[in-house]
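Asker: In our numbering, the protein residues as written are 3 to 158.
Where a beta carbon is used, it is the ideal one built from N, C-alpha and C, also for glycine.
Note that the coordinates shown come from a computational prediction; the quantities given were computed from them, not determined experimentally.
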């Protein structure tokens with residue numbers, strides 16, 4: 003978080019040298035009267051100021067250089083932390099993508115197996131029906147032949 007407080011907060015000795023912000027209406031002011039970020043809430047204002055270092059980086063003397071280096075170290079820590087969070091998020095997203103890809107592959111294979119099974123089952127049913135049809139035709143032909151044989155015997 004940027005080093006700063008809203009005017010009216012308890013300002014301690016540790017706050018000396020830090021920028022103090024004051025909001026008047028929709029305007030934010032620093033202790034020098036500079037205007038910043040009209041219309042932002044305090045959190046939005048601080049987030050937008052966080053990486054704007056022009057007011058905080060000063061190397062005109064040793065004390066200010068030390069403060070500047072401390073601030074740069076803090077910001078590098080913030081960047082490292084954000085990078086870690088982004089890396090963790092990227093890993094979670096990659097894991098989710100892998101899981102979804104695996105699920106899609108498994109679903110596709112299962113659907114294929116079901117279709118193959120259905121096709122095989124229908125093929126067996128068709129073969130059975132054809133065999134029964136051929137058997138019935140053969141039986142009917144035999145029955146017709148038997149009747150003709152009986153009629154021949156009777157007709158003689």
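Just the Cα atoms here: how many angstroms apart are residue 74 and residue 112?
Answerer: Each residue's alpha carbon lies about 56 Å from the other.
Asker: Please report the distance separating the alpha-carbon of residue 68 from that of residue 80.
Answerer: About 18 Å.
Asker: Counting along the chain, where does the alpha helix (DSSP H) carrying residue 103 start and finish?
Answerer: Counting along the chain, the alpha helix (DSSP H) containing residue 103 begins and ends at 64 to 157.
Asker: Near residue 156, what residues of its chain come up, given a Cβ to Cβ distance below 7 Å and the 5 sequence neighbours on each side ignored?
Answerer: So no residue of the chain qualifies.
Asker: If we ignore side chains and look at the alpha-carbon of each, how far apart do residue 131 and residue 122 end up?
Answerer: Computed Cα separation, rounded: 14 Å.
Asker: For residue 144 and residue 118, what's the separation of their Cα atoms in angstroms?
Answerer: Taking the straight line from one Cα to the other gives about 39 Å.
Asker: How many Å lie between residue 114 and residue 100 at the Cα?
Answerer: Approximately 21 Å, taken between the alpha carbons.
Asker: Look at the alpha carbon of residue 128 and the alpha carbon of residue 152, and state the distance between them as a whole number of angstroms.
Answerer: Roughly 36 Å between the two C-alpha positions.
Asker: Quick check: the Cα distance between residue 154 and residue 146, rounded to an integer number of angstroms?
Answerer: Each residue's alpha carbon lies about 12 Å from the other.
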